[in-house]
Structures are given as structure tokens and as C-alpha cells.
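To keep things clear, I will list the structure first and then write my remarks on it.
Chains as they are written, first to last, in UniProt numbering: chain A, 1 to 402; chain B, 1 to 402.
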């Protein structure tokens, strides 16, 4: 092999999705290994709308591990980043030693350059760490030739990242072992299972930065007796019910469990001392709109769920999307001179009846919602084969950087 | 006795206080008898600031029972009103039969005219039903010559009314019996026990009428698993701790339990399906101000509590009132052309340091609070001996009415 080709970086690019929990994860029993106090279940969102792209290059010419996130170099020594790097390298070494001593091992001692971007604004407050760590771990695994179960490694980057390792409907089984080996994500159903299901992300204009989820859940675990009860006594049954609802594609059951679980999560935040508020007046109005919409139709056609931030995620069946978008536009009139209000999957126009408006009967809240992302369930992480999509150039540095 | 004096009504006037729970009552195990799913504890507010006055007249010339509330005749057939009337008459009959058959019984068959007013606006959203039913039962008892335990009767008018039958610090023991005979209020300490304790009611400008507490707690009992856990497993310990904090006059312990219990009550409302919101953006800001104020001083000097409405009740020791009022005026700038901002017990002026303002560091919320009522713990129901205070004239009809 000519020397110049040995210096040329080995480059891999992958993408990974965002996921939204419908049975929420809140609280760790082990901070270091990121082991949760309860199991959780999520829907993987489609990467056409929301994804992280990560390129990793290895080269013997690199002096040190480095990382660039959304165009800015960040500290590679971040403990959770280091956990993922260490675990992947450990698995790679193990594989070489155990399985196939003949495997090329030059890459193992090489340093990595990591470059990662999201196709959505960070300011949108969408949980980007799950997609980010899932993508990091998936890409690292490709680079170092590691195969098999990777969700336990992604989990050590960010708990919910383990669920972004699969497409469709994914459970994170809390596990029992102290070393966390059984705290893994598992696909419940693939993304093709429920094609009628649609997901709208209502991006709210945040009034102020909320408490971060890491410190928030620490305080909750320490101070909320309701959280302990939830984890021990409520979630196990809810996981079983939710899996059944997903498998049967029972929208009403899925929707009610989703709303109840979101509310219970926020209830445990309020039972935290000092209390944590993630639901603001816009969230409360969205919740009221959804319940009144459902009451108007006498059936559960919409479900909301809120994470540790102001955005709402709304589930519905495909046929109900156009009218619901009208409802949102009516009760949250957008800025008239802003950009497009609906992004993502196209939405047909629809009429909004006076009866429905009156039955909802709330005062419109102008500018409460910045825009809507229309999406659906999607696949897990993918390798990008087109080399023009790499974020690192053949020199191993971010393309476009000085 | 000349005939005209027999036609002249027998008139009694009494007053009764409002109370504010620091361990909350939320949820009934018996709707008819109003038996709660957990015990609760409250502070009786001073009647100089907040009270109900009720005059009851009996006369053999009255054709039927009638009631006027705040100047307007209301339906006497309201079931809870009927419960109180029936129970007092039953006790009066029992007393006559058992104890003293010679007692004058003419009054027993006579009809009553009831007239009741509050010395605070109903629109302020202060729980007036507790003071109202306590006053009704206390006055009826005087009219019919009934003595002894009356809280179990007041309880059948409005659950929390039983706690307004005593002054100071009062517990409502949930009881175990099916007939509710052991579900009673009991004084923990008299109003003179903790003279340094001050209470400010921050009257919020409500944005919309919230869900009523009767239907709210019904839905919570049916749907919230966290409420059941709270009632069964959290409240018993909290009652013991709260009684101890009150007896020791340990403000920090009292304050923290008060805040935690308010938060947990609102958490169970959020865990209700559909969820119930009583805390709005003003409440959230008050909560944040209180925690940041306490953090600034490194000690718990303030406690908030919120019932099923937007008003906040703040507890503090006397020496901290003047500065706290400045804090409220700074972070909730009142309308400049409105009436007085502070009502009730006089409050000295004070300075507000830049450090404190900065440590609280929140954006002021204009007009979030309409006014403050400054008060303290006070006595239970009283008989008004001055006949000029009667609300019914010698004809048995409201004074001033046409």
C-alpha cells in the first residue's frame, strides 16, 4: 500500500433520528452508567424531517481526537462523549482479540475527527442529544468495525439515545443488573407497522430556558415521592398497555396512554422540590385544545406529549391532519410576515367548522407556536453511501471551515 | 307572653373565618357525607380581614325556610344546605328528647330566614364556602340551642368548612367510620400560639374561571393513581411532621412542608385525566420568586400555598413582611391608578436591595397581582352581641332590601 494512501483518512458518514417518548424516562438509578428508574417507550421520528448527520474520520496523521458540533469545535473531553469513545474502542479491541486476530487493527490506535450537524435548528429545543449520541455511536461502530448491540453504548452518551438506535416503536427496557448490560433498547414494531400514524411537532416560542433534564431528573429522584411511586407501580403496567396498543394499532388507547403519561411526568416535575415547570401557558392551551377537540368528536383523535421543554408533539391518524392544522392556525395565529408555518410532509388544506371553533371556545394565543413540523415514524440510523455527503474533507477537517 | 312578641323573630348573628390548608384536602371517599381520602391541616385566617357574617331569624310567622347570600336570594333546596339544616334540627330534637324534655321546643318547628355576607369580594376567588358553611352551622346551632361538636355538620356543607369551626391551627382528621362520625376537625394550637406568623394573600387577576373543586376532585379520585398514593402513603407522615412543626413553631419545617404539599396537590391535578391546571403563569412566577428569595438568604423565610384557584397565600415571620411586600411590588408592578395595593394589617415601608432583585432575576409581570391582604392566624366563629350588626331586620327580612 503506497504511503500516501495510508495517511488518507478513512471516512464514514451516518445519520440518526430523533425519538419522542410516549412512556417517559425521568430519573436515573445510576448517574455514571445512565441506568433509568423505569422502562420507557418511544416513536422514532422520520429522518426526512429531523436527523443528525455525523461524519467520522480516522487517520494515523491525526494528533488527537477532536469534535465539531454544528460548525463549532467542542471539548472532546466531555465525560459522556469519552464514555462512548472508550466503550466502542473496547468492543473493537475485544472483537479483534476474541474473534479474529487477523483483523486489521491499525485503525484502533488512530485518533478520530468527528463532525456532526442537525437538519433542524438547535434553538427549536428538540431533544438533539438523543439523535446526536445515537449517530455518534452508530458511526463510531462502523469506523471501528464493531457490530451487534450498540444501544447500551448510546445509552451511556444520553439515556434516550439508546432508543434512537432503532426505527419505528422502541422500548428501552430498564434492566436489573448493576453493570447495566441488560438496560437496552429493543424494537417493538418497525416504522412500516402503522403507516396511518402522523406526528406534528408544534415548535413553541420558548419564553425562557427551562431547567436541564439531567439536573432536573436528579432533583426529582431526590425529592419527589410521586416519582418513585410512578416508576415502581405505574410504569410497568403502562408499558405493557402501550406495547399492546401499538401492536394492535389502537389509536384511542395509544393516545390516552400517551397523554396520561406526559401529564404524569410533568406532575412529578411539579412534585419536585423546588418544583420544575416545563408546561407554560402555550402548552396548557394546546392541552385544552386537544381535549376539547376530542370531546367535540366524541372520540380520541389527537394526543399530545411534552418533554422537558415547551414544544408539543401531537399524534393523530393521517386523515385528521389537515383539519388539525387549521385548528392550530386558528388558536395560535402565526406571525403573518414569518416563514412557512408548516414544514415537512405536505398537508392538504381543509375547512374549519364554526361548531368546532365554538366547542373549543378558547381565546386565540397569537405567536404561541412558531411553526409546525409534519412528520411520521421513521427508520433507525443509516449509513450514507454518497461520499459527497461527508462533513469532513479528505484532509479530515470540516468542509467549509477555514 | 303577649301575642305580638311571639311573632317577633328570634335573631342571632355570628361570624366565621376563612381557612387556608397547608396539608391539602383533595378527594372524597363519600360524596354524600363529604368524607375525605386523607386528613388535612389548615391555618384559620383572622376575621378582621376575611370573614362571613350570618344572621338567622326564626319566627312562627315565617312560611318557609329562605336564604339570602351577599344580597341575593338563593335556592334553599341546595342539597348541602339542606344537609346542614336537617342535621342541626335533628340534634336539637335529640337534645330535647334525651336531655331536657322541658326545653322550649317552639323554635324547632319554626322556619328560618338566613342572611349571609362576606367582608371580601366573591370575585377575589377566596374559598368562601368554608367560611359560609361554618358560619351557617355555628349560627343555626345557636338559634336551635345545640351545643358540642359541630364540625361534622359543617363538613356536610363543605368539606373544608369543618376546619373553619376552630381558630388557629386546625386538623381535619379523616376518620374511618362509614357514617362519618369520626371525620372531625380538631384544634392543634390556638391562634395565640405563634404570634410572629404572618399571612399575605396575593389576590391574582384570574384569566379564566378554573374547574370547580367538587368536580375537579371527583375526576382526580377516578383517574389519578398519584392521588391515591399521596392520600395513602404521603399524607399520614406529612400530617405528623406538620403538627410537630406547628407545635415547635419551626418556620423552616412548616414552610417546606407547606410548599411541598401545595406542589403535590397541583401535581395530582395535573395527573388527573383530563388534566386540571390551577397554577397559571402568575402562580409560576410567584413560586419562582419565593424559591429565589429563600435561596438569596440561604434560609426558608417564605412559603407559598395555592388552592383550586389563582390566588397565592404566603406565610412568613412578621419581620420579613415589609421587604417581601417590596419584592411583590417590584416583580408584579400594580396598576398605578388602582386602589390601595395592601389591605389589612399595616405594613411598614422597606428598602429593596439591588442584590436581592438581581438574585431573583425575573422579568416583572405587570398587573399579575391585583392587591395583597395582610393578615395572621385568628379565632374561630364568634357570636355578634351588638344587635345593630344583624343582617335581618325585626321583620325577619334583609335590612336594606326592598
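From the three backbone atoms N, C-alpha and C, an ideal C-beta is built for every residue, glycine too. These numbers were taken from a predicted model, which means no experiment stands behind them.
At the C-beta level, residue 365 of chain A and residue 332 of chain A come within 8 Å of one another. The C-beta of residue 267 of chain A comes closer than 8 Å to at least one C-beta of chain B. Look at residue 286 of chain B here: in three-state DSSP terms it is helix.
Around the beta carbon of residue 264 of chain A, 16 or more other beta carbons sit within 10 angstroms, so the residue counts as buried. Between the C-alpha atoms of residue 296 of chain B and residue 184 of chain A there is a straight-line separation of about 43 Å. 8 Å or more divides the Cβ of residue 111 of chain A from the Cβ of residue 34 of chain A.
Residues of chain A with a Cβ closer than 8 Å to the Cβ of residue 273 of chain B are, in chain order, 256, 259, 260, 263.
Closest option to residue 133 of chain A, judged by alpha-carbon separation, among A:177, A:148, A:88: A:88. In this chain, the beta strand (DSSP E) harbouring residue 10 of chain A covers 10-17. In this structure residue 255 of chain A is buried. Its beta-carbon is surrounded by 16 or more other beta-carbon atoms within 10 angstroms.
Taken atom to atom, the span from the alpha-carbon of residue 355 of chain A to that of residue 362 of chain A is near 13 Å. One alpha carbon belongs to residue 39 of chain A, the other to residue 23 of chain A, and they sit about 8 Å apart. Comparing alpha-carbon positions, the option among A:49, A:86, A:391 lying closest to residue 121 of chain A turns out to be A:49. Counting only runs of 4+ residues, the alpha helix (DSSP H) found wholly inside the region 204-251 of chain B occupies 213-223, 225-229, 235-248, in chain order.
In this structure, the straight-line span from the alpha carbon of residue 400 of chain A to that of residue 309 of chain A is close to 32 Å. Only residues of its own chain outside the window of five on either side were considered, and among them 316, 318, 321, 376 have a CB closer than 6 Å to the CB of residue 198 of chain A, listed in chain order. At a Cβ-Cβ threshold of 8 Å, residue 136 of chain A and residue 372 of chain A do not count as neighbours. Think of a sphere of 7 Å around the beta carbon of residue 287 of chain A: the chain B residues whose beta carbon falls inside it are 275, in chain order.
Annotation for residue 70 of chain B: 116, 117, 118, 122 place their beta carbon closer than 8 Å to its own, counting only its chain and skipping 5 residues before and after. Of the candidates B:45, B:279, B:395, B:45 places its Cα closest to the Cα of residue 161 of chain B.
In the three-state reduction of the DSSP assignment, residue 296 of chain A falls in the helix class, which pools H, G and I. Under the DSSP assignment, residue 114 of chain B falls in the beta strand (DSSP E) whose first and last residues are 111-118. Straight-line spacing of the CA atoms in residue 157 of chain A and residue 83 of chain A works out to 7 Å. Within the model, the alpha-carbon separation for residue 245 of chain B versus residue 77 of chain B is close to 42 Å. Per DSSP, the continuous alpha helix (DSSP H) segment holding residue 138 of chain A begins and ends at 128-143. Taken atom to atom, the span from the alpha-carbon of residue 194 of chain B to that of residue 251 of chain B is near 10 Å. Contact note: residue 225 of chain A reaches chain B through 234, using a C-beta cutoff of 7 Å and chain order.
When C-beta distances to chain A are compared with 7 Å, every residue of the region 106-118 of chain B stays at or above that value. Residue 343 of chain A sits in a strand when the DSSP states are folded into three classes. For residue 281 of chain B, a Cβ of chain A is located within less than 8 Å of the residue's own Cβ. Remark: C-beta atoms of residue 370 of chain B and residue 345 of chain B do not approach each other more closely than 8 Å.
Around residue 284 of chain B, the beta-carbon contacts reaching into chain A at under 7 Å are 277. Look at residue 270 of chain B: its C-beta is under 8 Å from a C-beta on chain A. The beta carbons of residue 327 of chain A and residue 289 of chain A sit about 7 Å from each other, so the pair counts as a contact at 8 Å. Taking 8 Å as the cut-off, the beta carbon of residue 204 of chain B is found closer than this to the beta carbon of residue 311 of chain B. For residue 291 of chain B, the neighbours in chain A by C-beta distance under 7 Å run, in chain order, 274.
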